[in-house]
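Chemist:
Number of protein chains: 2
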Amino acid sequence: MIKIGLDAMGGDFAPEQTVLGAYAAVEKFDDIEISLYGIESEIQKFMKQPHDRIKIVHCEQVIPMDVKDPAMAIRKFKDSSMVRACKDAKTGDIDAVVSAGATGALIAAGTLVVKRLKEVERPALAPVMPTIKENKYTILCDAGATSDAKPQYLYQNAKIASIYAREVMNIENPTVALLNIGTEDGKGTDLQKEAFALIAADPTINFVGNMEGKTMIAGEVDIIVADGYSGNIALKSVEGTSKSLLSLIKEELMSSTRGKIGALLLKPAFARIKKRMDASEVGGGILLGVSAPVIKAHGSSDSIALMNAIRQARETVSKDVVAKISQALKAE
Amino acid sequence: MIKIGLDAMGGDFAPEQTVLGAYAAVEKFDDIEISLYGIESEIQKFMKQPHDRIKIVHCEQVIPMDVKDPAMAIRKFKDSSMVRACKDAKTGDIDAVVSAGATGALIAAGTLVVKRLKEVERPALAPVMPTIKENKYTILCDAGATSDAKPQYLYQNAKIASIYAREVMNIENPTVALLNIGTEDGKGTDLQKEAFALIAADPTINFVGNMEGKTMIAGEVDIIVADGYSGNIALKSVEGTSKSLLSLIKEELMSSTRGKIGALLLKPAFARIKKRMDASEVGGGILLGVSAPVIKAHGSSDSIALMNAIRQARETVSKDVVAKISQALKAE
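Residue numbers (our numbering), protein chains in the order written: chain A, 1 to 332; chain B, 1001 to 1332.
#1: Against chain A, which members of the stretch 1210-1232 of chain B pass a CB distance test of less than 7 angstroms?
#2: How is B/L1006 classed by DSSP in three states: helix, strand or coil?
#3: According to DSSP, B/F1207 sits in a beta bridge with which residue or residues?
#4: Report buried or exposed for B/S1255, applying the criterion of at least 16 other Cβ atoms within 10 angstroms of its Cβ.
#5: Report the residues of the stretch 260-283 of chain A with a CB closer than 9 angstroms to any CB of chain B, ordered along the chain.
#6: Considering only C-alpha positions, which residue in the set B/K1260, B/S1230, B/I1074 is nearest to B/V1062?
#7: B/L1287: buried (16+ other C-beta within 10 angstroms of its C-beta) or exposed?
#8: Where are the beta strand (DSSP E) runs, 3 residues long or more, that stay fully inside the stretch 231-314 of chain A, in chain order?
#9: When we look at the beta-carbon of A/A197 and count the other beta-carbons within 10 Å, is it buried (16 or more) or exposed?
#10: I want to check one thing, is the minimum distance from the CB of B/K1090 to the heavy atoms of the ligand SAH below 8 angstroms?
#11: Along the alpha helix (DSSP H) that carries A/E27, what are the first and last residues, could you check?
#12: With H, G and I counted as helix, E and B as strand and the rest as coil, what does DSSP make of B/K1087?
#13: Quick check on the burial criterion: 16 or more other C-beta atoms within 10 angstroms. Buried or exposed for B/A1341?
#14: Based on DSSP bridge pairs, tell me the residues matched to B/T1138.
#15: From B/K1236 to B/A1271, what distance separates their C-alpha atoms?
#16: Could you give the first and the last residue of the continuous alpha helix (DSSP H) run that contains A/G38?
#17: Note down the Cα distance separating A/V322 from A/A331, rounded to an integer number of angstroms.
#18: With B/A1102 as the anchor, note down where its beta strand (DSSP E) starts and where it stops.
#19: Alpha carbon to alpha carbon, what distance is there between B/V1057 and A/A177?
#20: Would you kindly work out how many angstroms separate the C-alpha atoms of B/G1021 and B/S1099, rounded to a whole number?
#21: For the beta strand (DSSP E) holding B/V1225, just list the boundary residues, first then last.
#22: Would you be able to state if there are at least three C-beta pairs under 8 angstroms between the stretch 220-227 of chain A and the stretch 167-185 of chain A?
#23: Check B/S1080 in the structure and name its three-state DSSP category.
#24: Taking one C-beta from the stretch 183-199 of chain A and one from the stretch 111-124 of chain A each time, how about it: are there three or more such pairs within less than 8 angstroms?
#25: Of all the options A/G144, A/M65, A/I295, A/I310, which has the alpha carbon lying nearest to the alpha carbon of A/D30?
#26: Please list, in chain order, all residues of the same chain as A/K3 whose beta carbon is under 6 angstroms from its beta carbon, the five residues on each side excluded.
#27: Taking just the CA atoms, how far does B/I1181 sit from B/S1301?
#28: Within a Cβ cutoff of 7 angstroms, which residues of the same chain sit near A/R276, ignoring the five residues on either side of it in sequence?
#29: Flag A/I310 as yes if its beta-carbon sits less than 9 angstroms from any beta-carbon of chain B, otherwise no.
#30: Do A/E60 and A/A8 come within 9 angstroms of each other at the CB atom, strictly closer than that value?
#31: Measure the beta-carbon distance from B/G1188 to A/Y229 and round it to whole angstroms, keeping in mind my assumption that it falls under 8 angstroms.
#32: Among B/K1048, B/I1163, B/V1026, which one has its Cα closest to the Cα of B/I1205?
#33: Within 10 angstroms of the Cβ of B/T1091, are there 16 or more other Cβ atoms? Answer buried if so, exposed if not.
#34: Looking at the strands, I want to know which residues DSSP matches up with B/K1055.
#35: Is the shortest distance between the beta-carbon of A/S35 and the beta-carbons of chain B less than 9 angstroms?
#36: Examine chain A for any beta-carbon lying closer than 9 angstroms to the beta-carbon of B/E1040, and answer yes or no.
Here is the structure:
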């Protein structure tokens, strides 16, 4: 039985969608048990009937979605659903944590409570991004766990994301590109130049060289390696631009009768686009480099997105990704 | 008379569109003279009739659009249209340079040939980005001139972009935000933290704090300050996502009869969106911090875009922006 801890209070639609996501997941997978961490009375409102593979672990506190100082929050909210789940992942009471709570807090809890593997210099947040190619996804590693990066961190990001892509996403020989300001060799700051040399020298990494921000969602590679600072800037620029552009299109369409009729005709096409670009279809971002899988689901996750994040946690546990990362880095 | 040097050989559609752009500009503005730098025989093909305010400065070489090593190219292509124009801007024979040629080469030529103002620590490339708000543009400074940045550079970027926004874009008290991984104070690496403190302490800068990649094109501020590395990543992520998304929409629409009919109805709406998001309407990016205005027009510029870039050069010269930047930084 794979034991998954779900932060039932995390996310914009918690605990209703987290509880529904847990039910959907246990119905889909008969080899998982889910512990719902959170305020028992709140959780029970949405539990239609008891399930022998779902239990509640009552916690008194909830970390707010808009928490300002994540590291402080982890110390202050010791009895929160997020921190308690992370503690139990550290001790081995559960095998993985899934949370749609505040990203910064979950990175802090993953790092400070679940704790990094000793072979890993810094944990990295690795979301799976949709691309414009059908059924093609790209892992970004790191999207913001470690902003002050060193070349060695980027090298490890390339290595551990490759393991994750191989094991969980079933990509046999995942291609890795380094986010940079040009595609030629020798571009970027010292950080990128030195990271490039380290990654290129490792025959276990299928390195294809530098890539630019303009191909972030082009679906050309399996893994994009970045420092947490620029990875975060790139990811949010992509997300923000998609959102801004789609809202601009909607506004334009609604500004005329002609547009409204056209929009009606195009509803199925736009629904397909939305589905294709929807990150919730593929689960959440995984915090790689800590001693148990920690999955960050999107804050706006519904039950389907949470079910997919649970699926991702289950896969990561069953493929023993944490141990494989530890071994690969130990062998260096 | 304002003397503008146009790199007639720079850009994907040169020299036809550059020559047409020059004609459009002299017709529009009677206070400018244009020198067309490039291969005389090539240029003359597209000169319908002589114009007393357009002359040709023959150069033997052209810097290729896909040049790999910009600094090397500047030394190798001494008699290129781009380098010659920059030389003449340095000596004062012309007042400003406009080029749609290779970005890296133009930054190198601006820095090494036109040369930076002694008060400026590092030049910065400042494109004017369209936003989803109508008639609202945002200056990004730096978009890639200086990748290895120090806090002081970012502070100067805030200061010089404010002068440019005030003088050329007629924004009285331009708002400035610092590109970062979170909106709260204290976010980012040491570079952002120290730059934040410097910018916040200067009462001449209308600083509104940190902003994230997700609001790059939201049109919330007049100026976004960044180091050249992350500014470049953000800008290209925005451009690439817009392009990828619009091509995905097109593909989806063309995949069914229903979509094709809808697309036909929506043609005017999509044309408006395209126009609103079109950078060519506002000119090019300016290289700030060098001793004469150097305008980088988009590589795919047509004559209209080039005319707008020439307009921008004219404005920058007539408002004496270079001297104002020099004075403002001298006064520190």
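For each residue, glycine too, the CB sits at the ideal point set by N, CA and C.
Modeler: Put simply:
#1: Taken in chain order, the members of the stretch 1210-1232 of chain B whose beta-carbon sits within less than 7 angstroms of a beta-carbon on chain A are E1212, G1213, K1214, T1215, M1216, I1217, A1218, Y1229, S1230, N1232.
#2: Against the second sequence, residue 1006 of chain B aligns to sequence position 6. Three-state DSSP puts B/L1006 in a strand.
#3: Reading the second sequence from its first residue, position 207 is the one you call residue 1207 of chain B. B/V1176, per the DSSP bridge assignment.
#4: In the second sequence, residue 1255 of chain B corresponds to position 255, counting from 1. Exposed, because fewer than 16 other Cβ atoms sit within 10 Å of the Cβ of B/S1255.
#5: Within the stretch 260-283 of chain A, I261, G262, A263, L264, L265, L266, K267, P268, A269, F270, R272, I273, R276, M277 place their CB atoms closer than 9 angstroms to a CB of chain B, listed in sequence order.
#6: As a position in the second sequence, residue 1062 of chain B is number 62, starting the count at 1. The option with the nearest alpha carbon to B/V1062 is B/I1074.
#7: The residue labelled residue 1287 of chain B in the question sits at position 287 within the second sequence. Answer is buried; the Cβ neighbour count reaches 16.
#8: Taking only runs of at least 3 residues, the beta strand (DSSP E) segments lying wholly in the stretch 231-314 of chain A are 285-288, 294-296.
#9: Taking the first residue of the first sequence as position 1, residue 197 of chain A is located at position 197. Exposed.
#10: With respect to small molecules bound, the structure shown includes none, and the ligand SAH cannot be examined in it.
#11: Here residue 27 of chain A is taken as the residue at index 27 of the first sequence, counted from 1. For A/E27, the uninterrupted alpha helix (DSSP H) segment begins and ends at 16-28.
#12: Here residue 1087 of chain B refers to the residue found at position 87 when the second sequence is read from its first residue. Secondary structure at B/K1087: helix, using DSSP grouped into helix, strand and coil.
#13: With chain B running from 1001 to 1332 in the structure shown, residue 1341 of chain B is simply not present.
#14: In the second sequence, counting from the first residue as 1, residue 1138 of chain B sits at position 138. Answer is B/M1129.
#15: For the purposes of this step, residue 1236 of chain B is taken as the residue at position 236 of the second sequence. For the purposes of this step, residue 1271 of chain B is taken as the residue at position 271 of the second sequence. One C-alpha to the other measures close to 22 angstroms.
#16: The residue given as residue 38 of chain A occupies position 38 in the first sequence. Where A/G38 is concerned, there is no enclosing alpha helix (DSSP H), although the beta strand (DSSP E) it sits in stretches over 32-38.
#17: Within the first sequence, the letter at position 322 stands for residue 322 of chain A. Within the first sequence, the letter at position 331 stands for residue 331 of chain A. Straight-line Cα distance between these residues: approximately 14 angstroms.
#18: For the purposes of this step, residue 1102 of chain B is taken as the residue at position 102 of the second sequence. Counting along the chain, B/A1102 falls outside any beta strand (DSSP E), and DSSP gives it neither H nor E.
#19: For the purposes of this step, residue 177 of chain A is taken as residue 177 along the first sequence, with counting starting at 1. For the purposes of this step, residue 1057 of chain B is taken as residue 57 along the second sequence, with counting starting at 1. Here the alpha carbon of A/A177 sits roughly 43 angstroms from the alpha carbon of B/V1057.
#20: Along the second sequence, one-based indexing puts residue 1021 of chain B at 21. Along the second sequence, one-based indexing puts residue 1099 of chain B at 99. Rounded to whole angstroms, B/G1021 to B/S1099 spans 12 angstroms at the Cα level.
#21: Residue mapping note: residue 1225 of chain B aligns to position 225 of the second sequence, counting from 1. Unbroken beta strand (DSSP E) run through B/V1225: 1223-1225.
#22: Taking a cut-off of 8 angstroms for Cβ pairs, the stretch 167-185 of chain A and the stretch 220-227 of chain A touch, as three or more such pairs fall below it.
#23: Walking along the second sequence from the start, residue 1080 of chain B turns up at place 80. Strand, per DSSP.
#24: No, because fewer than three Cβ pairs between the stretch 183-199 of chain A and the stretch 111-124 of chain A fall closer than 8 angstroms, the two stretches do not touch.
#25: By one-based count along the first sequence, residue 30 of chain A stands at place 30. The candidate whose alpha carbon is nearest that of A/D30 is A/I310.
#26: Working through the first sequence from its first residue, we reach residue 3 of chain A at position 3. Answer for A/K3: E33, I94, D95, listed in chain order.
#27: For the purposes of this step, residue 1301 of chain B is taken as the residue at position 301 of the second sequence. For the purposes of this step, residue 1181 of chain B is taken as the residue at position 181 of the second sequence. C-alpha separation (whole angstroms): 33 angstroms.
#28: Here residue 276 of chain A corresponds to residue number 276 of the first sequence, with the count starting at 1. Excluding five sequence positions before and after A/R276, the CB atoms of its chain that fall closer than 7 angstroms to its own CB belong to P130, E134, given in chain order.
#29: The residue you call residue 310 of chain A lines up with position 310 of the first sequence. Judged by the 9 angstroms Cβ criterion, A/I310 is not in contact with chain B.
#30: Working through the first sequence from its first residue, we reach residue 8 of chain A at position 8. Working through the first sequence from its first residue, we reach residue 60 of chain A at position 60. For A/A8 and A/E60, no; Cβs fall outside 9 angstroms.
#31: Position 188 of the second sequence holds residue 1188 of chain B. Position 229 of the first sequence holds residue 229 of chain A. Cβ atoms of B/G1188 and A/Y229 come within 8 angstroms of each other, at about 7 angstroms.
#32: Stepping through the second sequence from its first residue, residue 1205 of chain B is reached at position 205. Proximity to B/I1205 across B/K1048, B/I1163, B/V1026 peaks at B/I1163, based on C-alpha coordinates.
#33: Translated into positions along the second sequence, residue 1091 of chain B becomes position 91. Counting every other CB atom within 10 Å of its CB across the protein chains shown gives B/T1091 a total below 16, marking it as exposed.
#34: To locate residue 1055 of chain B, count along the second sequence from 1; it is residue 55. According to the DSSP secondary-structure assignment, B/K1055 is paired through a beta bridge with B/S1035.
#35: Along the first sequence, read from residue 1 onward, the residue named residue 35 of chain A stands at position 35. Residue contact check for A/S35 against chain B: no CB pair falls below 9 angstroms.
#36: Counting from one through the second sequence, the residue named residue 1040 of chain B turns up at place 40. At a cut-off of 9 angstroms, the C-beta of B/E1040 has no neighbouring C-beta in chain A.
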